[in-house]
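If you read the sequence shown in the numbering used here, its first letter stands for residue 4, the second for the next number, and so on.
Note that CB positions come from ideal geometry on N, CA and C, so glycine has one too.
None of the values given here were measured: they were computed from a predicted structure.
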Amino acid sequence: LSNCVNSGIRRISVATQYKSHSLIRHIQQGWGHFRGEFGEFVELLPAQQRIKDNWYLGTADAIYQNLDIIRAHDPEYILVLAGDHIYKMDYGAMLARHVENQADLTVGCFEVPLEEAKAFGVMAVDEDNRVIEFSEKPDNPKHVPGNSAMALASMGIYIFNRDFLFEQLIKDADESGSSRDFGKDIIPGVVSKYRAYAYSFNNKDEQSQTYWRDVGTIDAFWKANQELIGVSPELNLYDDIWPIWTHQEQLPPAKFVFDDDTRRGMAVDSMVSGGCIISGSKISHSLLFSNVRVNSYSLIEDSVILPEVHIGQHCHIKNAVIDKGTEIPDGTTIGVDTEEDKLRFRVTDTGIVLVTPDMIGHKKHTLR
């Protein structure tokens with residue numbers, strides 16, 4: 004959303020699926036400053052089961068089920084974005100290249116190590132950057148010409164001409180075997196027949212904006228947050244030229260209390276948000292979101308603590324993601340004994356521990 008605003012885009016729709024209340028509230032609180040009288044909006048498009056009794060079946064279906072709404076706005080071009088990617092990008096430059104190439108479709112892309120390319124849609128292009136082949140998550144990805152160690156991966160960013168997009172979505176909806184996904188179904192089927200171009204995010208004149216992360220997994224989410232703690236992180240949160248816009252609660256500054264030899268409130272190599280109170284405990288290489296309370300004699304290491312978490316005394320938390328509103332009892336140890344953690348929490352393949360209120364025994368997300 005920040006990229007859209009910074010790129011001058013003022014007509015935005017957000018497709019939401021299940022359990023969308025917190026997302027809807029976030030959009031309403033943080034993005035209500037658009038001027039409707041000037042045709043500006045950020046509108047929410049929850050799955051409404053208007054066609055069949057289905058949720059959105061895939062990324063392409065999320066657009067298809069809202070074709071009537073999109074058509075009413077009469078856009079010339081449609082920019083399609085994924086919601087679980089982090090990067091800074093001027094979409095205006097990509098749109099200009101799309102128009103210059105007289106393209107039907109332009110795909111944002113960047114180079115990734117060949118061994119990582121299996122997790123992405125991988126493209127092959129000609130000397131004019133026209134896409135000649137597209138494979139979604141291939142077992143044997145093709146390398147870029149002249150560099151056998153790198154592959155050209157899709158960023159999940161697409162610009163379509165309006166009529167072309169409508170035609171392809173309707174055609175895909177009529178295919179009984181389609182998974183209704185852009186990367187798996189739409190893109191591979193059009194690159195050989197239509198004018199599909201790649202827009203490289205690795206352009207030499209854009210080296211300041213080559214950061215891109217997919218945070219669709221717990222591991223990736225934890226890692227992307229941890230990267231922000233570095234002295235000079237690739238993603239600059241303090242950038243006045245390309246700011247990240249969001250809703251900011253009215254909260255007091257973080258507070259650190261007690262300075263005894265055995266009980267000292269402190270944070271090292273960490274980010275601590277407003278409303279937090281660090282009471283006689285140590286925070287090391289961690290991120291604390293808003294309104295977190297950490298009580299005395301506790302140690303938090305290499306962790307991401309989401310809003311409104313309460314951590315008791317004598318706790319040791321390491322390599323963890325603690326979900327919003329979780330209350331950690333006194334004396335709890337997390338992230339030290341993997342086998343013990345697996346009995347109580349969710350542990351990823353790389354050892355990151357996810358803790359939610361329900362796992363602790365607090366039924367915050369159930370009806371009964």
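Setting aside the 5 residues that flank it on each side, N9 is surrounded in the same chain by W245, each with a C-beta closer than 6 Å to its C-beta; the list follows chain order. By the neighbour-count criterion, in which a residue is buried when 16 or more other Cβ atoms sit within 10 angstroms of its Cβ, W58 is exposed. Proximity to L302 across N294, I281, F292 and P310 peaks at I281, based on C-alpha coordinates. Judged by DSSP in its simplified three-state form, Y200 adopts strand. Under the DSSP assignment, C112 falls outside any alpha helix (DSSP H), being part of the beta strand (DSSP E) whose first and last residues are L108 to P116. Ranked by Cα distance from M92, the first of I160, T220, Q253 and I337 is I160. Distance from the CA atom of T351 to the CA atom of E343, rounded to whole angstroms, is 14 Å.
For T353, the closest of V312, D262 and K226 by C-alpha to C-alpha distance is K226. Judged by DSSP in its simplified three-state form, V295 adopts coil rather than helix or strand. In the structure shown, the three-state DSSP call for E178 is coil. The Cβ atoms of D305 and Q229 sit closer than 8 Å to each other. With respect to the 8 Å criterion, A154 and H146 are classified as neighbours on the basis of their beta carbons. Residue range Y94 to E103 is occupied by the alpha helix (DSSP H) that includes Y94, with no beta strand (DSSP E) assigned at that position. Contact annotation: R165 and I221 have beta-carbon atoms that are not nearer than 8 Å.
Exclusion of the five residues before and after Y200 leaves N104, A106, T109, N132 and R133 as the residues of its chain whose Cβ lies within less than 6 Å of its Cβ.
Residue pairing by DSSP places P49 opposite T19 in a beta bridge. For secondary structure counted as the alpha helix (DSSP H) over 4 or more consecutive residues, the segment 340–367 holds these complete runs in sequence order: 341–347 and 360–363.
Inside the segment 226–271, DSSP marks whole beta strand (DSSP E) runs of 3 or more residues at positions 258–260 and 269–271, from first to last along the chain. In this structure, T19 sits near L48, with a CB-CB distance shorter than 8 Å. Excluding residues up to 5 positions away in sequence, K140 lie with their Cβ nearer than 7 Å to the Cβ of A122 in the same chain.
DSSP places N132 outside any beta strand (DSSP E), giving it a letter other than H or E. For the 8 Å CB-CB criterion, H317 and E330 do not form a contact. A straight line joining the alpha-carbon of N150 with that of R28 spans about 46 Å. A residue is called buried when at least 16 other Cβ atoms come within 10 angstroms of its Cβ; V339 does not meet this threshold and is exposed.
Going by beta carbons, F113 and F204 fall inside the 8 Å limit.
Membership of N164 in the beta strand (DSSP E) is indicated by the continuous run M153 to N164. Here the alpha carbon of I15 sits roughly 27 Å from the alpha carbon of E237. Checking the DSSP bridge columns, you'll see A323 partnered with V356. Distances from the CA of P144 to each of G278, L117 and Y214 were compared; the closest alpha carbon is that of L117. For the pair of segments examined, the segment 65–81 was found not to touch the segment 190–198: the number of CB pairs separated by less than 8 Å stays below three. Here S282 is bridged, per DSSP, to V260.
Per DSSP, reduced to three states, the secondary structure at S25 is helical. Residue pairing by DSSP puts T336 in a beta bridge opposite H319.
One thing to note: I337 has its Cβ no nearer than 8 Å to the Cβ of V324. Judged by DSSP in its simplified three-state form, E139 adopts strand.
H368 counts as exposed, since fewer than 16 other beta carbons sit within 10 angstroms of its beta carbon.
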